[in-house]
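For the sequence shown, the numbering used here assigns the number 1 to the initial residue and increments by one for each residue that follows.
Ideal placement from N, C-alpha and C gives every residue a C-beta, glycine not left out.
This structure is a prediction, so every number in the text was calculated from the model and none was measured.
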Amino acid sequence: MSAPDQHGEQWRPRVVVCGTGFGRTYLAATRQPSAPVELVGILARGSARSRDCARHYEVPLYTDVDQLPDGVDIACVVVSAAINGGRGAELAQRLMARGIHVLQEHPLHQAELAECLRHARRHRVVYHLNTHYVHLEPVARFVEAARRLLAGQPALFVDALTCFQVLYTLVDILGSALGGVSPWEFAAAPDAGAAEVLRSVNGRIAGVPVTLRVQNQLNPVERDNGGHVMHRVTLAAEGGNLLLANAHGPVLWTPRLHMPADYAGAVTVDACAAPDLDVPGVRCLAPPDGASYREVVRDQWPAAAGRALAGLRRAILVGEDPLPRGQYHLALCRLVAEITTALGQPEIDAPPAPDILLADELVAGQPPNSQAKASAR
């Protein structure tokens, strides 16, 4: 267990961000007005993008851990780990050996994560693995609503849809909503080997029946592109079902339709006295129109990274033992490995840029004019 930090509640830890790919999200997080941290540097390979980031944020650019000055409190490691062909876990371990607390962006292989947790204990620092999406406001709203739902009624089933790249984060969302992931079991659906966009696995998470559909495709050139749906989750209980339509919302509640007994002999539904018939058939628990993707990348993603940073800061202040939280993420690693085994190898797919449609094109009474849009680009 790490020792409780001697700083008070006003402490603003000094932060270095490692990597300037998705690390740009963390850089932006440190400059939010509510950010409880101070950005003091960037650790990267020295690319033009990294140099531009250092100039933009007016901080030094370091290219090796040994160059970091004393006094760095937190490192955000946003560098691919071995599971994606990188050395992010090794970097995290070198940083922890210097007494620096680490917030590491997912995913990690189970063995890498276990070694990082051992380093955290050995060097008496706090280590958090961050799955990012669980900190997005719509996802957090879904998780909170799910917990309230399950406090009153047991879950009947979960139906979830995601893409291969963010499977780990989906499992974390389900674990957060259901209060854990154990016990679990999964087996491939009969058509899992078919050459289809979606592959299915059936099983249980936290004892709840789960049907999981995964776009089991991977773009080797642009790993962050190609996903059709990031996260869509339906959690059903006796009284209705809760839907996270996508990682960026909205969150919908649909009460269960149940025709009352007196409807059997009624001429019209207005003769029925059941108050449930007057309940809206669907309620949006968040603003129905989501933010633009520019706003998502500029505002919502950094806000989510900021929440993860704030959580690490709180853990440092209380001297959190990284092992209990780490055990949960080790369980996620094992569960994801079992699911991916059932799914089979992802299909390698590198499609061209999509023809993205606007909602207005679907309701304006005219079919989308893809050819005109293409010529206008």
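Practice task
Flag this pair as yes or no: are the beta carbons of Ala237 and Leu161 separated by less than 8 Å?
Solution key: no
Handout entry: Contact check, Asp243 vs Leu149, beta carbons under 8 Å
Key = The sequence shown places Leu at residue 243, not Asp. Against a cut-off of 8 Å, the Cβ pair of Leu149 and Leu243 comes out as no contact.
Problem - Distance between Cys18 and Ile348 (C-alpha atoms, nearest Å) - result: 29 Å
Exercise for the section: Please work out which residues of its chain come closer than 6 Å, Cβ to Cβ, to His101, disregarding the five sequence neighbours upstream and downstream, and give them in chain order. Expected result: Ile74, Val125, Val126 and Ile316
Exercise for the section: With DSSP as the reference, label Gly88 as helix, strand or coil. Expected result: helix
Practice task
Take the Cβ of Gln153 as the centre, count every other Cβ of all protein chains shown within 10 Å, and call the residue buried at 16 or more, exposed below.
Solution key: exposed
Practice task
Excluding the 5 residues preceding and the 5 following Arg45 in the sequence, name in chain order all residues of the same chain whose CB lies nearer than 7 Å to its CB.
Solution key: Thr63
Problem - Inter-residue spacing [alpha-carbon to alpha-carbon] between Pro322 and Cys116 - result: 10 Å
Problem - Own chain, CB closer than 6 Å to Ala331, minus 5 neighbours either side, in chain order - result: Val181
Problem - Cβ neighbour criterion (16 or more within 10 Å) applied to Ala374 - result: A caution first: Ala374 carries a pLDDT of 46, below 50, which makes its placement in the model unreliable, though a value can still be read off. Ala374 should be labelled exposed.
Problem - Same chain only: Cβ atoms within 8 Å of Gly8, ignoring 5 sequence neighbours per side - result: none
Exercise for the section: Can you say whether Val197 is buried or exposed, counting buried as having 16 or more other CB atoms within 10 angstroms of its CB? Expected result: exposed
Problem - DSSP three-state assignment for Ile339, whether helix, strand or coil - result: helix
Practice task
Give the straight-line distance between the Cα atoms of Leu285 and Arg232, rounded to the nearest whole angstrom.
Solution key: 15 Å
Handout entry: DSSP three-state assignment for Gly179, whether helix, strand or coil
Key = coil
Handout entry: Own chain partners of Gly99 with C-beta closer than 7 Å, once the 5 adjacent residues on each side are dropped
Key = His123 and Val125
Exercise for the section: Pick out whichever of Pro255, Ala271 and Pro138 has its Cα sitting closest to the Cα of Asp262. Expected result: Ala271
Problem - Bounding residues of the alpha helix (DSSP H) (the contiguous stretch that carries His123) - result: Segment: none, His123 is in no alpha helix (DSSP H) and carries neither H nor E.
Problem - Opening and closing residue of the beta strand (DSSP E) in which His231 lies - result: His231 to Ala237
Problem - Gln327, DSSP secondary structure in three states - result: helix
Practice task
Helix, strand or coil for Arg12, going by three-state DSSP, please let me know.
Solution key: coil
Exercise for the section: In the DSSP assignment, find the unbroken alpha helix (DSSP H) run with Ala353 in it and report its ends. Expected result: That residue, Ala353, is in no alpha helix (DSSP H); it is neither H nor E in DSSP.
Problem - Span of the alpha helix (DSSP H) around Ile316 - result: Trp301 to Val318
Problem - Run of the beta strand (DSSP E) containing Ser200, from where it starts to where it stops - result: Leu198 to Ile205
Practice task
Take the Cβ of Arg377 as the centre, count every other Cβ of all protein chains shown within 10 Å, and call the residue buried at 16 or more, exposed below.
Solution key: Confidence in Arg377 is poor, its pLDDT being 44 and thus under 50, which makes the residue's placement unreliable; the coordinate value appears in the next sentence. When all chains shown are included, Arg377 counts as exposed.
Exercise for the section: Measure how close the beta-carbons of Ala82 and Glu112 come, nearest whole angstrom, since I'm counting them as under 8 Å. Expected result: 6 Å
Problem - Option nearest Gly290 by Cα separation, candidates Ala359, Pro255 and Leu95 - result: Ala359
Practice task
Can you tell me which of Val269, Thr268 and Thr254 puts its alpha carbon nearest to the alpha carbon of Val279?
Solution key: Thr254
Handout entry: Candidates His119, Asn202, Gln67 and Gly239: closest to Ala92 by CA position
Key = His119
Problem - Cβ-based burial, His329 [other Cβ within 10 Å; buried from 16] - result: buried
Handout entry: Range covered by the beta strand (DSSP E) that runs through Thr25
Key = Unbroken run through Thr25 is the alpha helix (DSSP H), Gly23 to Thr30; no beta strand (DSSP E).
Handout entry: Option in Val16, Leu103, Leu27 and Ala35 with minimal Cα separation from Gln67
Key = Val16
Problem - Inter-residue spacing [alpha-carbon to alpha-carbon] between Gly311 and Pro352 - result: 39 Å
Practice task
Name the two residues that bound the continuous beta strand (DSSP E) containing Phe142.
Solution key: It is not in any beta strand (DSSP E) - Phe142 instead sits in the alpha helix (DSSP H) that spans Glu137 to Gly152.
Handout entry: Own chain, CB closer than 6 Å to Ala372, minus 5 neighbours either side, in chain order
Key = Note that Ala372 scores 47 on pLDDT, short of 50, meaning its location in the model is unreliable; the coordinates nonetheless yield the value given after this. If we look at Ala372 and ignore the five residues flanking it on each side, it has no Cβ neighbours.
Exercise for the section: Out of Leu95, Ala89, Met96 and Arg94, state which residue places its alpha-carbon closest to the alpha-carbon of Pro107. Expected result: Ala89
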